[in-house]
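In the working numbering, the protein residues as written are 34 to 324.
The next block holds one structure in the form of structure tokens; read it before the comments.
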Amino acid sequence: MFMHNKRLQYTVRVSEPNPALASLLLEQFGGPDGELAAAMRYFTQGLGEVDPGRKDMLLDIATEELSHLEVIGSIVAMLNKGVKAQLAEAAMEEADLYMSLTAGGNSHTQSILYGGGPALTNSSGVPWTAAYVDSRGEPTVDLRSNIAAESRAKIVYERLINITDDPGIKEGLAFLMTREIAHQKSFEKALYAIENNFPSGKLPGIEKYANLYVNTSQGDGDMTGPWNSGEQWERIDDLEKTMPIDDGDGTASVQLDKADAGVAEKLALRTRSDPKSDPTTGADLGAGPGA
Ligand code: MN
Ligand code: MN
């Protein structure tokens, strides 16, 4: 069960209203790397997890992400508090109100449609979607995805910190950013606490293909590094000679039964092209200069 504590996980101190900044901060409220996406990702993984240690960790972090959602949403609400009241009470002259909504951002969507409350959208107004949650129900896959998600959240917070000089907001965002670093560490430890965590799943790779590096982009700029050369790697540069990589002829085929084969042949015959024909077409008839 969930219980709500009225205190925030981190105190929100906003110096002054700023609807345009509020819009940008929505990226971490309802965006792909935002707190709702993080909370739902770990909550659903936690419900499906059978390992008691990982289940406990996922539900702890999911619940903390909901607390972050509360913090970032509260910052947005404070930044919009003035405009929300002005809009509701229509106390300003129309032109001044219009100016305050549209000054320097796309916060008019937030203001007109959402009344200045924190909206579950990203910073461009795109509604939150469960498609942001990319779990696959396999711990070594999902933990890797969680590690990447935490590093994305970290970098988005860093960018948001760089665009505001409000010290209270900077401090709050730095706290949220730092917690994503801590979550990344937990997920990394949990991944490596699984013995044989690479490759994912149970089936081994086919040995002769597992250490190949295929140099398919050739020419000036070809480089070597630990990602394609050294003891671990067998590198293929001569593609003409080595492809297809199996002992087949590199074509695609399928066994059809007699009925299908007959119809397929009819279709090919009916639609075949005649390379010797050069018919006059509509493009020729209507051709003007430059055609
Ligand atoms: Mn978070
Ligand atoms: Mn996190």
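Cβ coordinates follow ideal geometry from the N, Cα and C atoms, glycine included.
The three-state secondary structure of Y246, taken from DSSP, is strand.
With a cut-off of 8 Å on Cβ pairs, the region 147 to 155 is in contact with the region 46 to 62, counting three or more such pairs.
The beta carbons of S144 and V116 sit about 6 Å from each other, so the pair counts as a contact at 8 Å. DSSP, read as helix, strand or coil, puts T275 in helix. Under the DSSP definition of a beta bridge, P160 partners with T154. When rounded, the separation of the alpha-carbon atoms in A223 and K88 is 11 Å.
Per DSSP, E228 lies in no alpha helix (DSSP H) segment and is marked neither H nor E. The three-state reading of DSSP puts R87 in helix, counting H, G and I together. In this structure, G81 keeps its C-beta atom at 8 Å or more from the C-beta atom of L120. Around the beta-carbon of M36, fewer than 16 other beta-carbon atoms lie within 10 Å, marking it exposed. If only uninterrupted alpha helix (DSSP H) runs of at least 4 residues are considered, those enclosed by the region 37 to 101 are 52 to 58, 60 to 63 and 68 to 81. For the pair of segments examined, the region 91 to 103 was found not to touch the region 231 to 249: the number of CB pairs separated by less than 8 Å stays below three.
For the pair of segments examined, the region 193 to 207 was found not to touch the region 66 to 79: the number of CB pairs separated by less than 8 Å stays below three. Spatial neighbours of E213 in its own chain (CB-CB distance under 6 Å, excluding positions within 5 residues in sequence) are listed in chain order as E183, A186 and K187. In the displayed model, I239 falls within coil according to three-state DSSP, outside both helix and strand. Approximately 20 Å separates the beta-carbon atoms of G79 and W161; this is outside 8 Å, ruling out the contact.
When secondary structure is reduced to three states using DSSP, E127 falls in the helix class.
CA-to-CA, the gap between I278 and T304 works out to about 33 Å. Beta bridge pairing from DSSP links I269 with V247.
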